[in-house]
Structure formats: C-alpha cells, structure tokens
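In the numbering used here, each residue carries its 1-based index in the sequence shown increased by 30.
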Amino acid sequence: MGTLAPNRSATVLAVADAAAILVFATVGLISHHKGLSFRGYARDALPILAGWFGAAILFRAYRTHRQSRVLATWLVGVTAGVLVRALILGHSLNGKEATFLAVALVFVLLFVYLLRSAAGVLTSPP
Numbered sequence: 031m032g033t034l035a036p037n038r039s040a041t042v043l044a045v046a047d048a049a050a051i052l053v054f055a056t057v058g059l060i061s062h063h064k065g066l067s068f069r070g071y072a073r074d075a076l077p078i079l080a081g082w083f084g085a086a087i088l089f090r091a092y093r094t095h096r097q098s099r100v101l102a103t104w105l106v107g108v109t110a111g112v113l114v115r116a117l118i119l120g121h122s123l124n125g126k127e128a129t130f131l132a133v134a135l136v137f138v139l140l141f142v143y144l145l146r147s148a149a150g151v152l153t154s155p156p
C-alpha cells in the first residue's frame, strides 16, 4: 500500500471492506425492489459487517497484509453474518439461505477485491 503507516493502511482497508459490504447490500436492496432504508441496511448489511469485523479481529486481518488472513476473514465472517441474519429474521437454513450465502460470498469477495484495489491506487504515492 505504498508508504502509508500501518495504522492508516489498516484503516483504509477496513473502510474499503465496510464499503464493499454496503455495496453488496445496496445492490441486493435495489435488485429485490426493497428500497434503500436504514431498516434494510440494518437487516442486510449489519449482520455481515459484524461477522466480517468479528472475524477480522479473530484472524488479525488488519495487522498484516497476508492474503490468507483476508480469505479467512471473508469465509468465516460472511458465513457467520449470513447465519446470524437468518436467525434474526427467523429464516430456516434451507436452500434459499444457502443460495443467499453463496451469492454473498461471491459478491462480497468481488467487491472487497475491487474496493481494496481502488483504495490501493488512491493511496499509493504518485
């Protein structure tokens, strides 16, 4: 990430990751005609954000730039967030939730990669 201090670099990555999850939730809300609302973000993004950052603490994802820590955070964090969301909403863990988990895993990883890449470009020295 260029010449950024480790704590600033970690902050940039954490903001990019949170933004990626919010982008995922926004696309979902719009594509399912739910409308953008605080309630929608609380229902769809908040559990995944909590799962992500809980896993990031567990795996120390922002302490080093090791790809394995990011991937562990992604897999465990998104999965935990989707499971918590399903429990809060009273959804059974059936095929529909498995599909949502698969979609969340794919698109959160894609958005994390894209936004981390953009953040790297934006924060790198000229």
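Ideal Cβ placement from N, Cα and C applies to all residues, glycine included.
inquiry  = What would DSSP say about asparagine 124, mapped onto helix, strand or coil?
reply    = Sequence index remark: in the sequence shown, residue 124 carries index 94 (1-based). DSSP, reduced to helix, strand and coil, places asparagine 124 outside both helices and strands of the structure shown, so it counts as coil.
query = Can you list, in chain order, the stretches of the alpha helix (DSSP H) that have 4 or more residues and sit fully within the segment 88-122?
reply = The segment 88-122 is shown to contain whole alpha helix (DSSP H) runs of 4 or more residues at 97-119, in chain order.
ask   = In the structure shown, what three-state DSSP assignment does alanine 75 receive?
value = In the sequence shown, the residue the question calls residue 75 occupies position 45. In this structure, alanine 75 counts as coil in the three-state DSSP scheme.
Cβ-Cβ separation, alanine 50 to valine 136 (assumed contact under 8 angstroms), whole Å = The residue you call residue 136 lines up with position 106 of the sequence shown. The residue you call residue 50 lines up with position 20 of the sequence shown. 12 angstroms between Cβ atoms; not a contact.
task = Give me the Cα-Cα distance between leucine 79 and glycine 111, rounded to the nearest whole angstrom.
result = Taking the sequence shown and counting its residues from 1, the one referred to as residue 79 is at position 49. Taking the sequence shown and counting its residues from 1, the one referred to as residue 111 is at position 81. Approximately 7 angstroms between the Cα atoms of the pair.
ask   = Would you call the CB atoms of valine 46 and leucine 145 closer than 8 angstroms?
value = For the purposes of this step, residue 46 is taken as residue 16 along the sequence shown, with counting starting at 1. For the purposes of this step, residue 145 is taken as residue 115 along the sequence shown, with counting starting at 1. Rather than valine, the amino acid found at residue 46 in this sequence is alanine. Yes, the pair counts as a contact, with Cβ atoms nearer than the cut-off.
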